[in-house]
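S.K.: Shown below is the structure under consideration.
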Amino acid sequence: MSFIFLFLFVADVLTGSVSIPIREALSSLKGEPTIFSDILLQFRLPKAITCVLAGGALATGGLLMQTLFRNPLAGPDVLGLSSGASLMVAIVVFIGQSGKGPGLMLVNNPWSIAFSASIGSGLIFILIIAIAQYVRDNTSLLIIGLMVSAVTSSLVSVLQFIGRAEDLQTFMIWTLGNVGSTSWNELLVLFIVVFSGITIAYLSSKSLNSWLLGENYAQGLGIRLAQSRFWIVIGTGLLTGAVTAFCGPIAFVGLAVPHLVRLVVPSTNHKILIPSVICGGASLLLLCDLLTQLPGSTQILPLNAVTSLVGAPVVIWMIIKSKRIRV
Amino acid sequence: MSEIKTIAQTIDLSVGYSKAGKVLCLFEKLNLTLAAGELVCFMGPNGIGKSSLIRTLAGLQKPLDGNIHIPKEKAVALVLTDKITANHMSVYDLISYGRYPYLNWNISLSEKDHALINEAIALVHIEPLINKRLYELSDGQLQMAMIAKALTQDTTILFLDEPTSHLDLNNRVEIMNTLRELSRTAGKAILVATHELDLALQTADRIWLATHDKKIKEGIPEDLVLDGSFDQVFQFKGFDLKTGKVHHKAYRNISVNLSGEGHEYLWTKNALERAGYEIGKNSQIRIHIKTSGSSTSWSVTSESINQEYNSLAGLLYSLQSISK
């Protein structure tokens, strides 16, 4: 699996509207100036690394949610974080732009969308953690998460309805997902947050494994339910929030990758599953990014269209082949 | 058992739920004990709160009032009715969960942990299953694996909630026998919540019987049968606990005279009573059971008939024609 991952990474770096020969790429990396240096260092490499970080983060988030809720349909977006981010971005894009003064300043700032997405998912995140402390069981938390998404999504629809056409386009482009516009500075922030989220997830392996047996057995094995749920929610929040902030709401990866990985890796131990889904998520997103670049064309497809177009049939095929879906 | 060693007890324990000021009390002021090496069956009708008491004793649920004295942390292992949804887990992995209370976040099993896991597997005789996935197991095998998981926890106390429901007779007997053996050989205190009277009466050292006044009556099975406690709680309809039989009405008003010995006599009597005949001394219909080696035959003599049958079905069929 790590071989596939490496292959996809190299392929993603080298192909695009301008193909880079591998020898030129290596010399560019050594610091020798070639005509490809700028494309490689300022565009291709950050894009590929973003794919890796985002894919790994979303897949881990999906795994955590599926385990916590013992529900194969859970994904990193069930907590409502992506919708929270969408709402905030929508507010900034639609209202900020039509207003004058501070609103305008927000929109002209290149960080503004990432910033507002972070604020949006952050607020929902705090709300969900507060609710998680209050409700006792995971199913309630799952349903509340879905309801929060429903509310934020409908608010977004309202904003879209009253918004101006050109703002609508800006917003739609954000919702399509994008891994190609991250700078090295943004990458550093993304890396730190994703790394913390994955560390929290990995350190929670024991409680995650225990959740698989259900709340009562987990408690019987000495797991502190509220505390462990808190950390799992924090981990997922960091992973999903960071990715949504920088890349937009990337659909599907978080839901599908854990299932695909489980078909290959026959384990229920999260110490094995977490590294596997990181690798799987990174590979899937790299593959999808490769496919956004239509062969022999300069036209680039939206990432979200590709993730679902590629991923959904693969999952359907895998499930039909193995005749079961599991958590 | 030379001396009784109490390892757990409750003092004025009240069990139930309180939510938003409303209190639902299931049991009140319980003073119960559990001793090492004994198998206690906790009986009561469905819905009386057996699971809630087990959850409370195990510390999964707060008591309404009173105290539970259990030696130290990590002293209780559980087998609950909860379904395991992660059914592609391997049996060995499931059993290894028993070591979790002793492991840190890194959950790496030591040689000693593996030894304890294998010991538990050997105790419940499921060696051939350890590499299977949970979805490949029958209900009885899964229950055995859950018991092995609980044993791996290496605790002095074991609580099981309805471990034999949904199982066939053979599996039920096997599980209860395994538990009884464990209580004796490993010196564990084992509490089994069950509503299956027949098994409990034959295997339990002691019974906790949940009564309708929110109390629990303790005693050995035979005492509780003879003093009528079971009849009060379960309010049997057409079942006589003291004989262990379902009560049959002799609706045919025909009495037959039966002679014979051993199991054959008991089962013939069973068949006749079930079919509505009364077994009496002074009757014109006489049935005699003859056994020679492994074959059994029944001879019937009356005014109109004198015949021999080699199955009870044949016997009942001809009796039916006589009574017409």
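Chains A and B, in that order, are what the protein sequence lines are.
Residues 1 to 327 in our numbering are what the first sequence lists, from first letter to last.
Residues 328 to 651 in our numbering are what the second sequence lists, from first letter to last.
Glycine included, every Cβ here is placed at the ideal spot set by N, Cα and C.
Work out the CA separation of A:LEU287 and B:GLU523 for me, nearest whole Å.
M.R.: 58 Å
S.K.: For chain B, check one thing: does any of its Cβ atoms lie closer than 9 Å to the Cβ of A:LEU203?
M.R.: yes
S.K.: Looking at the secondary structure, which residues open and close the alpha helix (DSSP H) in which B:SER610 lies?
M.R.: Per DSSP, B:SER610 belongs to no alpha helix (DSSP H) and is neither H nor E.
S.K.: Out of B:LYS541, B:LEU536 and B:LYS569, which has the shortest C-alpha to C-alpha gap to B:VAL552?
M.R.: B:LYS569
S.K.: Could you tell me whether any Cβ in chain B is nearer than 9 Å to the Cβ of A:GLY62?
M.R.: no
S.K.: State yes or no: is the C-beta of B:LEU639 within less than 9 Å of the C-beta of B:ALA598?
M.R.: yes
S.K.: From A:GLY101 to A:LEU87, what does the alpha carbon distance come to, in whole angstroms?
M.R.: Unreliable positioning characterises A:GLY101 in this predicted model, as indicated by a pLDDT of 47, which lies under 50. A coordinate reading is not provided.
S.K.: Within 10 Å of its beta-carbon, does A:ARG224 have 16 or more other beta-carbons around it, so buried, or fewer, so exposed?
M.R.: exposed
S.K.: Determine the direct distance from the alpha carbon of A:VAL277 to that of A:LEU63, and round the result to whole angstroms.
M.R.: The alpha-carbon atoms of A:LEU63 and A:VAL277 are separated by roughly 8 Å.
S.K.: Please state if the CB of B:ILE614 and the CB of B:VAL583 are separated by a distance shorter than 9 Å.
M.R.: yes
S.K.: My assumption, with CB atoms under 8 Å, is that A:THR307 sits in contact with A:PHE252. Please give the rounded CB distance.
M.R.: Going by Cβ atoms, the distance from A:THR307 to A:PHE252 rounds to 4 Å, so yes, they are a contact pair.
S.K.: Between the stretch 390 to 409 of chain B and chain A, which residues of the former have CB atoms less than 8 Å from a CB of the latter, in chain order?
M.R.: Cβ contacts with chain A: GLU400, LYS401, VAL403, ALA404, LEU405, LEU407 and ASP409.
S.K.: With a Cβ-Cβ cutoff of 9 Å, do B:SER719 and B:ASP532 count as a contact?
M.R.: With chain B represented from 328 up to 651, any question about residue 719 of chain B goes unanswered, as that position is not in the structure.
S.K.: Pick out the complete beta strand (DSSP E) segments inside the stretch 444 to 474 of chain B, 3 residues or longer, and give them in chain order.
M.R.: Counting only runs that start and end inside the stretch 444 to 474 of chain B, there is no beta strand (DSSP E) element of at least 3 residues.
S.K.: Should A:SER276 be flagged as near chain B, meaning a C-beta pair shorter than 9 Å?
M.R.: no
S.K.: Please check if any C-beta of chain A sits within less than 9 Å of the C-beta of B:HIS493.
M.R.: Judged by the 9 Å Cβ criterion, B:HIS493 is not in contact with chain A.
S.K.: Please confirm whether A:VAL52 and A:LEU303 have their CB atoms less than 9 Å apart.
M.R.: no
S.K.: Can you confirm whether B:ALA640, when its beta carbon is compared against all beta carbons of chain A, has any partner nearer than 9 Å?
M.R.: no
S.K.: Quickly, what does DSSP pair B:LYS346 with across the bridge? List them, please.
M.R.: B:LYS349
S.K.: Between A:ALA48 and A:ALA130, what straight-line distance do the alpha-carbon atoms span, to the nearest angstrom?
M.R.: 36 Å
S.K.: Drop a sphere of 10 angstroms on the beta-carbon of B:LEU353, count the other beta-carbons inside from all chains shown, and report buried for 16 or more, exposed for fewer.
M.R.: Counting Cβ neighbours within 10 Å, B:LEU353 comes out buried, since at least 16 surround it.
S.K.: With H, G and I counted as helix, E and B as strand and the rest as coil, what does DSSP make of A:MET1?
M.R.: coil
S.K.: List the residues of chain B whose Cβ lies closer than 8 Å to the Cβ of A:LYS321, in chain order.
M.R.: Near A:LYS321 there are no residues of chain B at all, since even the closest Cβ is about 15 Å away, more than 8 Å.
S.K.: Nearest-angstrom Cα distance between B:LEU494 and A:PHE191?
M.R.: 53 Å
S.K.: Quick check: what's the CA-CA separation for B:SER417 versus A:GLY222?
M.R.: Distance from the CA atom of B:SER417 to the CA atom of A:GLY222, rounded to whole angstroms, is 22 Å.
S.K.: Where does B:ARG533 sit, in a helix, a strand or coil, going by DSSP?
M.R.: strand
S.K.: Would you decide whether A:LEU6 is buried or exposed? Buried here means 16 or more other CB atoms lie within 10 Å of its CB.
M.R.: exposed
S.K.: With DSSP as the reference, label A:LEU6 as helix, strand or coil.
M.R.: Under the three-state reduction of DSSP, A:LEU6 is assigned to helix.
S.K.: So which residues on chain A does B:TYR578 lean against when the C-beta distance must stay under 8 Å?
M.R.: Correct list: empty, because the minimum Cβ distance to chain A is about 49 Å.
S.K.: When the cut-off is 9 Å and only beta carbons count, does B:GLY386 lie next to chain A?
M.R.: yes
S.K.: For B:LYS596, does the three-state DSSP call read helix, strand or coil?
M.R.: helix
S.K.: By how many angstroms is the C-alpha of A:LEU127 removed from the C-alpha of A:ALA242?
M.R.: Roughly 17 Å between the two C-alpha positions.
S.K.: Give the C-beta separation of B:GLU605 and B:ILE581 to the nearest angstrom, bearing in mind that I take them to be a contact with Cβ-Cβ under 8 Å.
M.R.: Indeed, because the Cβ distance is near 7 Å, the residues count as touching under 8 Å.
S.K.: Straight-line CA distance for A:PHE36 to A:PHE9?
M.R.: 17 Å
S.K.: Please report the distance separating the alpha-carbon of A:GLY281 from that of B:LEU461.
M.R.: 27 Å
S.K.: With a CB to CB cut of under 6 Å and the five nearest residues on each side skipped, what residues in its chain are close to A:ILE153?
M.R.: One detail in the question is off: residue 153 of chain A reads as Ser in this sequence, not Ile. If we look at A:SER153 and ignore the five residues flanking it on each side, its Cβ neighbours are SER83.
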